[in-house]
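Number of protein chains: 2
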Amino acid sequence: MDTHVRRSPTDAEPPRRTVGIDVGGTKTLGLLVEHGPAGVAVLDRERVPSRADDPSAVDAVVGVARTLTERSRIRAGEAVPVPAPVTAVGVGLAGFVDRAGVVRAAPNSVGLVGQDVRGRLERELGLPVTVDNDANCAAVAAHALIEPTVADLVAVTLGTGIGGGLIVGGRLVRGARGFAGEPGHMVVDPDGPRCPCGQRGCWERYASGSGLGWLARRALRRGDAPSLAEAVADPEELRGEHVTELLGVGNRDAVRVFDEYARWVALGVANLISLLDPDVVALGGGVAAVGDELTGRVRTILSERFPAASDGRSVSIVTTPGGPDAGAIGAAILARDAAAAGPQPGSGRSGDRR
Amino acid sequence: MDTHVRRSPTDAEPPRRTVGIDVGGTKTLGLLVEHGPAGVAVLDRERVPSRADDPSAVDAVVGVARTLTERSRIRAGEAVPVPAPVTAVGVGLAGFVDRAGVVRAAPNSVGLVGQDVRGRLERELGLPVTVDNDANCAAVAAHALIEPTVADLVAVTLGTGIGGGLIVGGRLVRGARGFAGEPGHMVVDPDGPRCPCGQRGCWERYASGSGLGWLARRALRRGDAPSLAEAVADPEELRGEHVTELLGVGNRDAVRVFDEYARWVALGVANLISLLDPDVVALGGGVAAVGDELTGRVRTILSERFPAASDGRSVSIVTTPGGPDAGAIGAAILARDAAAAGPQPGSGRSGDRR
């Protein structure tokens, strides 16, 4: 997919190529991105299987970065019309990344915890590297792709857990330790199920992709959604993907479970709106691929059940543009911004976006 | 109270006087504030009874502003050592204020809704006026008084409702419509009691000053806190203030109710930390006057029950400095900042803090 966004024609900086890499739970996706006056364009891509719960995930990142930088330098063709060097690499991963680029906590990417991902990549690649939370990257991509005039945007990634990225006044919010924008562990039900983080009733227990599976299994156990059992041999194997598949063919039990799921998503979105008053809430991650099936429901539920977050506001609820490429595109943009801001040795700060 | 904060001696701007006014539910408090190289100093004060549910509250604001500007011009003495003109007026009130200075929603200040407070004051006073949410003002005061090096701060005002102000990267967060920072309507218990806003289980149902009274009455009805009945003739008259008074003398039922209250406060604070990763959370408003009785409990509960918001972080939980003066001090600072940024006709934007 080539993703383009128009920018002002007066923005006459020369095209610059960076590589953005998204480290997922089961694969590593790299994109070669060109940043030009017309916006960003994806020129090339490389995707390899990898496991974020294994330390070797970093090897996969190095490999993908090498492949794309080499192809950018030597290969000319339809996707890469002119050979040109890659000037920086950005990496997004599902975890808390401190300002020095070290992964501090990553329940869904445990193999990376404690690794100086940035330091290792800079040594191996000989290029400036930024490392950031993958949902921060998605927020940056959404901000670049939706509309440059939007100043306040919240990006929520509904995956194994829930990630978040906040753009406030046009800038990515990093927080005091670089851990800002983690709505998944907002407590929305103090008597709810225990979360691996140690709290009870965290938003991601209900509203992540895994949460959709949990709601479906609960409905099945309660006898509320018998037809969902037909999707799997073992009811305990029922996952969010089964619900969204059956939703696509109009299965009524799947619709009912998805309605409940959308109420949980809307609840957390309402909290984010009350707190941050954004122009846009962008929903991404696996579940969000159903598009308007989710965003439409969330809009309706917000107006019906969450007046504090909807009356007198006009927040756009959208699917994060770029789809599964959003994280890698955002990582590439953060790498470009950091390179433009010049080297910041040891700090790992990739420069606030302007 | 004179409130001083040191600033860098290289900050050599001349002292400048502004008036900051806090419109409370039952009184209007004005402060004459001098902004100098050593920080802010409160030179004079004026407090009049008023009702924020009555449109005449604006008259009280005009009166207080006039009194303080006149005294600043003519009266020299201990508090006002040198006569000097007031250059701007800032107003903080409990409500959503749009960017043009018009009050859009104020459940606890209904008399002000729809009024162009800023326009009227500018006409009557002949001075530039800024109008903002009172919790935004408290956040600005906390940011100025705590430590200028703190970049990320959340201020929470526990009063009739809950107000909030967010400082991110040293700037006050206003949001797309100027309504950012309203944590009181975060839903923290989807099956909880109905809130006047129309939602269920909003944080302020439990964790505001009114919420403390509600928790006490509920404990009394359940027979869990019999001795609280002695504080009032009619159990339905039991309020948060009664609990904090009895807490001060070690009443065990009051301690138990306050422990429960602190758990609700900590839950919302944990959510704010997960989302914004601040250096400091400042708790203000009536209940916070108990000081460490609240902040100490919140710190303990965060570390025991909310690991996602406490592990690996070192967030300071403090009582908002300035006490009941915080809102007016912050309003005075916002007025100074807006005046320094120059006139912004019609926009009502008081300039992001730097």
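Chains as they are written, first to last, in my numbering: chain E, 1 to 354; chain W, 355 to 708. All C-beta atoms in this analysis are idealised placements derived from N, C-alpha and C, irrespective of residue type, glycine included.
Residues, ordered as in the chain, of the stretch 129-146 of chain E that lie near chain W by beta-carbon distance below 8 Å
The residues in question: there are none.
What residue range is occupied by the uninterrupted beta strand (DSSP E) comprising Thr18(E)?
Unbroken beta strand (DSSP E) run through Thr18(E): 16-23.
Strictly below 7 Å CB to CB, what residues from chain W border Glu182(E)?
Those are Ser628, Leu629, listed as they occur along chain W.
Looking at Arg474(W): is its Cβ nearer than 8 Å to the Cβ of Val418(W)?
Not in contact: Arg474(W) and Val418(W) (Cβ atoms no closer than 8 Å).
Sub-8 Å separation of Gly538(W) and Gly515(W) beta-carbons:
Inclusion of Gly538(W) and Gly515(W) in the CB contact set at 8 Å is warranted, their separation being smaller than that value.
Under a CB-based cut-off of 8 Å, is Leu466(W) close to chain E?
It does not; no Cβ of chain E falls within 8 Å.
Rounding to the nearest angstrom, what Cα-Cα distance links Asn271(E) and Leu499(W) in this structure?
Going by the C-alpha atoms only, they are around 29 Å apart.
Note down, in chain order, each residue of its chain lying with its Cβ closer than 8 Å to the Cβ of Val80(E), except the 5 sequence neighbours on either side.
Same-chain partners within the cutoff: Leu32, Leu43, Asp44, Arg71, Ser72.
Taking 8 Å as the CB-CB limit, is Gln115(E) close to chain W?
No, Gln115(E) does not count as interfacial toward chain W.
Is DSSP giving Phe450(W) helix, strand or coil here?
Strand at Phe450(W).
Alpha helix (DSSP H) segment containing Leu621(W), residue limits:
Counting along the chain, the alpha helix (DSSP H) containing Leu621(W) begins and ends at 606-630.
Candidates Asp152(E), Arg252(E), Val255(E): which alpha carbon is nearest Ile317(E)'s?
In terms of Cα proximity to Ile317(E), the closest of Asp152(E), Arg252(E), Val255(E) is Asp152(E).
From Gly480(W) to Val464(W), what distance separates their C-alpha atoms?
One Cα belongs to Gly480(W), the other to Val464(W), and the distance between them is close to 26 Å.
Taking all protein chains shown into account, do 16 or more other C-beta atoms lie within 10 angstroms of the C-beta of Val392(E), making it buried, or fewer, making it exposed?
Shown here, chain E extends from 1 to 354; a query on residue 392(E) therefore has no answer.
Mind reading off the beta-carbon distance from Gly374(W) to Ala308(E)? Whole number of angstroms is fine, and I expect it under 8 Å.
Taking C-beta atoms under 8 Å as the contact rule, Gly374(W) and Ala308(E) fail to qualify, at a distance of about 28 Å.
Using a Cβ cut-off of 8 Å, pull out every chain E residue sitting near Pro547(W), in sequence order please.
Contact of Pro547(W) with chain E by beta-carbon distance below 8 Å is absent, the smallest such distance being about 14 Å.
Could you list which residues in chain W have their beta carbon closer than 9 Å to that of Ala326(E), in chain order?
Ordered by position in chain W, no residue passes the 9 Å Cβ test against Ala326(E), which lies about 20 Å from the chain.
For the alpha helix (DSSP H) that Glu122(E) lies in, which residues bound it at each end?
Where Glu122(E) is concerned, the enclosing alpha helix (DSSP H) stretches over 117-125.
Just verifying my parser: in three-state terms, what is the DSSP assignment at Cys491(W)?
In this structure, DSSP gives Cys491(W) a helical state, which the three-state scheme calls helix.
So for Ala225(E), helix, strand or coil by DSSP?
Looking at Ala225(E) - three-state DSSP - the assignment turns out to be coil, as it is neither helix nor strand.
Any idea what DSSP makes of Glu599(W), helix, strand or coil?
Per DSSP, reduced to three states, the secondary structure at Glu599(W) is helical.
My guess is that Arg297(E) and Asp259(E) are in contact by the Cβ rule of under 8 Å, so how many angstroms apart are they, rounded?
Contact between Arg297(E) and Asp259(E) holds, with the beta-carbon distance rounding to 7 Å and staying under 8 Å.
Would Gly639(W) be called buried (16 or more neighbouring beta carbons within 10 Å of its own) or exposed?
By the Cβ neighbour-count rule, Gly639(W) is buried, with 16 or more other Cβ atoms within 10 Å of its own.
How close, in whole Å, do the beta carbons of Gly529(W) and Asp488(W) come, if the pair is a contact with beta carbons under 8 Å?
For a cut-off of 8 Å, the C-beta gap from Gly529(W) to Asp488(W) is around 16 Å, too long to register as a contact.
Flag this pair as yes or no: are the beta carbons of Gly681(W) and Ala492(W) separated by less than 8 Å?
Contact flag set, yes.
Is any non-hydrogen atom of the ligand NAP found closer than 7 Å to the C-beta of Val467(W), if you look at the structure I gave you?
The ligand NAP is not among the ligands present in this structure, which contains no ligands whatsoever.
Using a Cβ-Cβ cut-off of less than 7 Å, give me the residues of the stretch 259-274 of chain E that come near chain W, in sequence order.
Answer set for the stretch 259-274 of chain E: Leu267, Ala270, Asn271, Ser274.
Where Ala88(E) sits in the DSSP three-state scheme:
Strand at Ala88(E).
In whole angstroms, give me the CA-to-CA distance for Ala231(E) and Val287(E).
When rounded, the distance between both Cα atoms is 17 Å.
When you compare the CB of Gly529(W) with every CB in chain E, is at least one pair closer than 8 Å?
Judged by the 8 Å Cβ criterion, Gly529(W) is in contact with chain E.
Are the CB atoms of Pro403(W) and Thr423(W) within a distance shorter than 8 Å?
Pro403(W) sits away from Thr423(W), with the two beta carbons spaced by 8 Å or more.
Can you have a look at Arg531(W) and say buried or exposed, based on whether 16 or more other CB atoms are within 10 angstroms of its CB?
Buried: at least 16 other Cβ atoms inside 10 Å.
From the DSSP output, in three-state form, read off Gly175(E) for me.
Gly175(E) sits in coil when the DSSP states are folded into three classes, being neither helix nor strand.
Cross-chain neighbours of Ala105(E) in chain W, by beta carbon under 8 Å
Correct list: Asp665, Gly666.
I believe Val140(E) touches Gly165(E) by the beta-carbon criterion, under 8 Å. Please report the beta-carbon distance rounded to the nearest angstrom.
About 7 Å; that satisfies the 8 Å criterion.
Residues in the same chain with beta-carbon distance under 6 Å from Ala289(E), minus the five sequence neighbours each way, listed in chain order, please.
Excluding sequence neighbours, Ala289(E) sits near nothing in its chain.
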